[in-house]
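Quick note, the sequences are listed as chains A and B, same order.
All letters in the first sequence, in the order written, are residues 1 to 180 by the UniProt record's numbering.
All letters in the second sequence, in the order written, are residues 1 to 180 by the UniProt record's numbering.
See below for the structure under consideration.
2 protein chains.
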Amino acid sequence: MPSTLGFAILAALAKGAKTGYELTAVMNRPVSYFWTARHSQIHADLQKLLTDGLVRFEAEHGPGPQGKKVYHLTSEGRAVLREWVTEPPRARTERDELVLKTFASWLADPAEMAELFRVQLALHEERIAHYEHQQASFERTPDPGEPAFGNYATLWCGLSYERHRAAWCRWMIERLDPAA
Amino acid sequence: MPSTLGFAILAALAKGAKTGYELTAVMNRPVSYFWTARHSQIHADLQKLLTDGLVRFEAEHGPGPQGKKVYHLTSEGRAVLREWVTEPPRARTERDELVLKTFASWLADPAEMAELFRVQLALHEERIAHYEHQQASFERTPDPGEPAFGNYATLWCGLSYERHRAAWCRWMIERLDPAA
DNA sequence: TGCCGCATGTAACGTGTTACATGATTCC
DNA sequence: GGAATCATGTAACACGTTACATGCGGCA
Chain A
1 MPSTLGFAIL AALAKGAKTG YELTAVMNRP VSYFWTARHS QIHADLQKLL TDGLVRFEAE
61 HGPGPQGKKV YHLTSEGRAV LREWVTEPPR ARTERDELVL KTFASWLADP AEMAELFRVQ
121 LALHEERIAH YEHQQASFER TPDPGEPAFG NYATLWCGLS YERHRAAWCR WMIERLDPAA
Chain B
1 MPSTLGFAIL AALAKGAKTG YELTAVMNRP VSYFWTARHS QIHADLQKLL TDGLVRFEAE
61 HGPGPQGKKV YHLTSEGRAV LREWVTEPPR ARTERDELVL KTFASWLADP AEMAELFRVQ
121 LALHEERIAH YEHQQASFER TPDPGEPAFG NYATLWCGLS YERHRAAWCR WMIERLDPAA
């Protein structure tokens, strides 16, 4: 069984063959793609997927000492991915540093704390604008079965998340620093 | 500098002295406390905090081969914690298995996928009820500076998060299985 | 010629989970 | 006497990040 990152790689390859470098580029921006990884880990995982027969590659002449490897799913890889998709996800362990800081915020100066949340709020508002722009670029809502459905659905989730987060920041600022 | 778990331990101890066992109990339930850890890690981290002089313990006669150690913050530990609280959090890497599955959901049977989201929705609704019950047990909104403020503020965040999540699940179900 | 982007990999380290290991106290 | 709970710790492994290491191709 691949690791979760392994499935993330399979999911990315399901949309088209890619090099490890291109996979890295996809996984570096968390925008509407909720898993990240560095190239070192991706290369390591690709080798595991390779020995498990879930991906294969075509070697192409390219830059670097090792050339270029364009990876694609095998039929077994596609089957394993399809099966994984509908299995219930493992309960995720929440680990959120800002919430942890909030838990201990009664020790701090409220005005200083409010400043922290103002910075966070600005970040969320930026992302909301970015996501809304992306959403507008869809002419219509894709149907399940279309590859774009995954993009649209994760974007919806991301937007909703950012709005929830922004609302929380506003509430915190209001509570911490009602004067401003 | 302590690890983030180290700060989580300091934050918990700021509200009162505890044994490693009691800390484990607190960190096992993610309810309104967004950091989790197992006892093995907590004991390891406590020893680091100890050598850094951020916590101290009183040995008490108790169960087990080693007896019982009641840990409490030192004044330095309290100072380090207070300073950390208002520092900007590191950007968190999103890792969400359900969103990843959603990204690849175009490969799966929509009805099966909808079932997955129905199960998730039920979990979120359960937590919402739980959190609302907890929220109602506050007679009034605590002010910043009161220790309970941290509890209330993280609870607010948790509730908001669960509602966002539930809304997303409903949207997904509607899209995947409009007939039902 | 020199820099940037493409492209692959290894090694050391930090963090987190699971399993192993021990044993006193309390309640039935 | 036995089981559950309290209580602490170690070891092996998995996962993730950062830093190290190499070198081709294209462009200025």
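We put the CB at the ideal spot given by N, CA and C, even for glycine.
Ranking A:Phe-103, A:Pro-89 and A:Leu-13 by CA distance to the CA of Thr-154 of chain B puts A:Phe-103 first. For Arg-78 of chain B, the uninterrupted alpha helix (DSSP H) segment begins and ends at 75-85. For Arg-56 of chain B, there is no enclosing alpha helix (DSSP H); the enclosing beta strand (DSSP E) covers residues 55-60. Under the three-state reduction of DSSP, Tyr-71 of chain A is assigned to strand.
Beta-bridge analysis with DSSP links Pro-144 of chain A to A:Glu-146. In this structure Gly-53 of chain A touches Thr-74 of chain A by the C-beta definition: roughly 6 angstroms separates them, less than 8 angstroms. Between Thr-141 of chain B and chain A, the shortest Cβ-Cβ separation is below 9 angstroms. Counting every other CB atom within 10 Å of its CB across the protein chains shown gives Asn-151 of chain A a total of 16 or more, marking it as buried. In the assembly as shown, Ser-105 of chain A is a buried residue. Its beta-carbon has 16 or more other beta-carbons within 10 Å. Within the same chain, Cβ atoms closer than 7 angstroms to the Cβ of Leu-13 of chain B are found at Val-55, Tyr-71, His-72 and Leu-73, the five residues on either side in sequence being excluded.
For the C-beta of Ser-105 of chain A, the chain B residues within less than 9 angstroms are, from N- to C-terminus, Val-85, Thr-86, Pro-144, Phe-149, Gly-150 and Ala-153. Contact of Leu-121 of chain B with chain A by beta-carbon distance below 8 angstroms is absent, the smallest such distance being about 13 angstroms.
Where Tyr-21 of chain B is concerned, the enclosing alpha helix (DSSP H) starts and stops at 20-28. Annotated as distal: Met-172 of chain A and Thr-86 of chain B, with beta-carbon spacing of 9 angstroms or more.
Judged by their CB atoms, Leu-159 of chain A and Leu-81 of chain A are not nearer to each other than the 9 angstroms cut-off.
Within a 10 Å sphere around the beta-carbon of Met-1 of chain A sit fewer than 16 other beta-carbons, which makes this residue exposed. Under the Cβ criterion of 9 angstroms, Met-113 of chain A is counted among the residues facing chain B. Counting the other CB atoms within 10 Å of its CB gives Phe-138 of chain A a total below 16, which places it among the exposed residues.
The beta carbon of Lys-15 of chain B is closer than 8 angstroms to those of Pro-147 in its chain, skipping five residues each way along the sequence.
When rounded, the separation of the alpha-carbon atoms in Leu-116 of chain B and His-43 of chain B is 37 angstroms.
Judged by beta-carbon spacing, Asp-96 of chain A lies beyond the 9 angstroms limit of Arg-170 of chain B, meaning their Cβ atoms are not closer than that value. Assigned with DSSP and collapsed to three states, Arg-170 of chain A falls in helix. Residues of chain A with a Cβ closer than 8 angstroms to the Cβ of Glu-94 of chain B are, in chain order, Pro-30, Phe-34, Trp-35 and Thr-36.
Residue-level contact by beta carbon holds for Tyr-161 of chain B and chain A, with a gap shorter than 9 angstroms.
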